[in-house]
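> Numbering (our numbering), first residue to last: 209 to 389. Glycine included, C-beta positions come from ideal geometry on N, C-alpha and C.
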């Protein structure tokens, strides 16, 4: 049996994992995705050991690793990481509504990339009626209600808070995957 970590140990682990996460992010931005992956895998193992496999701390690292796998075009692995994060975050309570919506949107985008448009729409709608994100990754708004969002006119599976966000997402991402349902 693994002994429980003290609160001081947990704080120390959180701080160390935060440093490693920043390092992994910088490493990925520099183009060294393989090294970033190893850092994220180490963080996931550490958080799983200290906080447990179902902790929100661990879920955050699964989500970050999934985002890296998307950049690496390793979509099956990204899907697994996002599914893990969605499962944990969706049960984490009201303080983690935004985090759950982020992981659902990330998973929905993997479904889009793998031509599973109905699954993408259904994943997004799991947040309905009041916990859905705009599909534009850099949208400054928080979780929104379905009434505050408009769907993509063609595929009807992607939600945007404004025409501006839709335009910003169209060329770099959604245009490649958008097909009528």
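In angstroms with no decimal places, state the Cα-to-Cα distance between residue 221 and residue 320.
Spanning the two alpha carbons is a distance of roughly 36 Å.
> For residue 352, does the three-state DSSP call read helix, strand or coil?
Three-state result, residue 352: strand.
> Quick one: what's got a C-beta closer than 7 Å to residue 305's C-beta in the same chain, skipping five residues either side?
Cβ within range, chain order: 339 and 351.
> For residue 386, collect the residues of the same chain with a Cβ closer than 7 Å to its Cβ; drop the 5 residues on either side in sequence, then sort them by chain order.
Contacts found: 360, 362 and 363.
> Tell me whether the stretch 296–303 and the stretch 316–332 touch, counting them as touching only if at least three CB pairs, one residue from each stretch, are closer than 8 Å.
The stretch 296–303 vs the stretch 316–332: no contact.
> If you follow the alpha helix (DSSP H) that residue 248 is in, where does it begin and where does it stop?
That run of the alpha helix (DSSP H) goes 241–259.
> Would you report the Cα separation of residue 358 and residue 335, rounded to the nearest angstrom?
Their backbone Cα atoms lie some 15 Å apart in a straight line.
> Going by DSSP in three states, residue 368 sits in which element: helix, strand or coil?
The answer is strand: DSSP assigns residue 368 an E or B state.
> Less than 8 Å between the beta carbons of residue 298 and residue 308, yes or no?
Yes.
> Apart from the five residues just before and just after residue 232, which ones in its own chain have a Cβ nearer than 6 Å to its Cβ?
Around residue 232: 244, 247 and 248.
> Distance, Cα to Cα, residue 283 vs residue 277?
Roughly 6 Å separates the two Cα atoms.
> With a cut-off of 8 Å, do at least 3 Cβ pairs link the stretch 258–271 to the stretch 287–294?
Enough Cβ pairs lie closer than 8 Å, so yes.
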